[in-house]
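Taking it in order: structure first as structure tokens, then the write-up.
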Amino acid sequence: MVLENFIVFEGIDGAGTTTQLEILKSRTPEFLFTAEPTSSETGKFLRKMLKGEIQVTNETAAYIFAADRNEHINGNCIIEENKLITGIKSACEKGKIVVSDRYLFSSLAYQSIDCSPEIPRTLNKFFPLPRLLFFFDIEPEISLKRISSRGQKEIYEKIDFLKRTKEEYEKVLAEYNGTEISKGMKIVRIDATADKEKISRKIEEEINSIYKIF
Ligand code: TYD
1 MVLENFIVFE GIDGAGTTTQ LEILKSRTPE FLFTAEPTSS ETGKFLRKML KGEIQVTNET
61 AAYIFAADRN EHINGNCIIE ENKLITGIKS ACEKGKIVVS DRYLFSSLAY QSIDCSPEIP
121 RTLNKFFPLP RLLFFFDIEP EISLKRISSR GQKEIYEKID FLKRTKEEYE KVLAEYNGTE
181 ISKGMKIVRI DATADKEKIS RKIEEEINSI YKIF
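In full-length UniProt numbering, the protein residues as written are 1 to 214.
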């Protein structure tokens with residue numbers, strides 16, 4: 001099932017989704033922006049886990065990412081300082097366009113590296129799909145350079161891990177590109193090494209072709 005007013009940005013770490021989300025935010029003040037892991041309690045747990053402050057098995061991590069996502073999609077609509085914390089479905093059904101930095105495709109890619117791939121697929125199969133998925137395509141070496149210049153690295157930001165994540169994302173995209181499970185969802189691949197303005201123009205064009213807002 002596709003949630004009509006829902007847009008998702010995905011990519012390996014350092015692909016530049018955050019920069020593009022900031023540009024889109026400035027152009028579309030009427031949209032609601034959100035991210036995973038969320039800022040709710042489950043999301044805070046996940047952030048501690050990503051920093052290595054809490055240790056759980058890889059499978060437990062997959063369950064918690066899915067639990068966090070369930071609040072994100074199906075929870076009460078909570079908006080703080082213009083950012084949607086939880087309740088995507090409820091906001092979309094009220095006519096809002098919601099844009100998320102990461103969604104279930106992150107679990108299908110990242111949690112397939114250290115769990116059996118069926119685990120994230122099973123845990124995420126009941127969530128609705130976005131109408132539009134932007135995949136930021138970048139070589140892991142380039143993304144690592146961008147991450148390194150930012151300073152602190154999380155556990156998922158080592159080069160081998162980035163390479164594996166990219167491989168897993170490619171498998172996920174092949175599973176969803178033009179197949180029965182992805183009916184109604186458009187996947188747009190973005191060359192994340194192109195210049196910022198070119199990328200933002202492409203994103204706006206794609207959004208406009210569906211929602212006619214620019
Ligand atoms: P990230 O978007 O990098 O957050 P920030 O820019 O605020 O640090 O997301 C944090 C990490 O979580 C990222 O490495 C990907 C990982 N992740 C998963 O492994 N599975 C998931 O389902 C999600 C949503 C994220």
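All residues carry an ideal CB built from backbone N, CA and C; glycine is no exception.
Item, Value
"Span of the alpha helix (DSSP H) holding residue 140?", "140–150"
"Is there at least one non-hydrogen atom of ligand 1 closer than 7 Å to the beta-carbon of residue 144?", "no"
"Hey, would you say the C-beta of residue 136 is under 7 Å away from at least one heavy atom of ligand 1?", "no"
"Considering only their Cβ atoms, is the gap separating residue 193 from residue 142 smaller than 8 Å?", "yes"
"Touching or not, the region 49–60 and the region 1–16, by the rule of three or more beta carbon pairs under 8 Å?", "no"
"For residue 66, which three-state DSSP category applies?", "helix"
"Less than 7 Å between the CB of residue 128 and some heavy atom of ligand 1, yes or no?", "no"
"What's the gap between the Cα of residue 122 and the Cα of residue 181?", "13 Å"
"Whose C-alpha, out of 162, 114, 125, 172, is nearest the C-alpha of residue 135?", "172"
"Kindly give me the distance between the Cβ atoms of residue 120 and residue 108, rounded to whole angstroms, as I take these residues to be in contact under 8 Å.", "5 Å"
"Shorter than 7 Å, the distance from the beta carbon of residue 55 to the closest heavy atom of ligand 1, or not?", "no"
"When you compare only the Cα positions, how much space is there between residue 47 and residue 56?", "12 Å"
"So does residue 121 have its beta carbon nearer than 7 Å to some heavy atom of ligand 1?", "no"
"Would you kindly work out how many angstroms separate the C-alpha atoms of residue 232 and residue 19, rounded to a whole number?", "Since the first residue of the chain shown is 1 and the last is 214, residue 232 is not available in this structure."
"Would you say the beta carbon of residue 107 comes nearer than 7 Å to a heavy atom of ligand 1?", "yes"
"Which residues bound the beta strand (DSSP E) around residue 56?", "It is not in any beta strand (DSSP E) - residue 56 carries neither H nor E in the DSSP assignment."
"Is residue 37 near ligand 1, with its Cβ less than 7 Å from a heavy atom?", "yes"
"So residue 73 and residue 130 are supposed to be a Cβ contact under 8 Å. How far apart are they, rounded?", "So it is not a contact: roughly 11 Å between Cβ atoms."
"Ignore the nearest five residues each way along the sequence and tell me which others in residue 43's own chain have a CB closer than 7 Å to its CB.", "37, 68"
"Can you name, in chain order, every residue of its own chain whose Cβ lies under 7 Å from the Cβ of residue 91, other than the five neighbours on each side?", "32, 77, 84, 98"
"Quick one: Cα of residue 170 to Cα of residue 195, how far?", "23 Å"
"In chain order, what residues of the same chain lie with their CB nearer than 7 Å to the CB of residue 71, ignoring the 5 residues before and after it?", "38, 40, 42, 86"
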